[in-house]
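Under my numbering, the sequence shown has 102 at position 36, and the numbering climbs by one with no breaks.
Read through the structure below, which is laid out as structure tokens, and then see the notes.
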Amino acid sequence: MHNERAQLSSATTTLEELLDRVSSTAEAVLAAGDESLASDLFEVERSLRTAHRRLVSATRRAG
67 MHNERAQLSS ATTTLEELLD RVSSTAEAVL AAGDESLASD LFEVERSLRT AHRRLVSATR
127 RAG
């Protein structure tokens with residue numbers, strides 16, 4: 067079970083980094099005036115945050 071927890075923890079970290087990149091890109095795109103693309107990116111961000119919460123929960127259960 068330790069290996070699974072380590073794998074999930076690593077995936078969680080990767081997902082956090084991806085969230086940061088998508089979020090900052092969405093903010094930059096919005097500031098540049100492309101509201102349509104920003105809206106899409108913010109929707110992706112919300113989906114990633116949901117996935118992150120579920121992954122954190124699964125990681126806790128694995129440990």
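Beta carbons: idealized from backbone N, C-alpha and C, even for Gly.
Remember, predicted model here, so these are calculated numbers, not experimental data.
Take residue i as the anchor and find which of the options has the nearest alpha-carbon.
i	options	result
residue 118	78, 74, 70	78
residue 88	128, 99, 112, 69	112
residue 84	125, 114, 127	114
residue 155	71, 98, 110	Residue 155 lies beyond the stretch modelled for the chain, which goes from 67 to 129, so this question has no answer here.
Could you round the C-beta distance between residue i and residue j to whole angstroms and report it? I think they count as a contact, below 8 angstroms.
i	j	result
residue 81	residue 121	6 angstroms
Indicate the three-state DSSP secondary structure (helix, strand or coil) for residue i in the structure shown.
i	result
residue 98	coil
Note down, in chain order, each residue of its chain lying with its Cβ closer than 7 angstroms to the Cβ of residue i, except the 5 sequence neighbours on either side.
i	result
residue 91	107
residue 104	92, 95, 96
Using C-beta distances below 8 angstroms, list every residue in its chain close to residue i, excluding the 5 sequence neighbours before and after it, in chain order.
i	result
residue 76	none
residue 71	125, 128, 129
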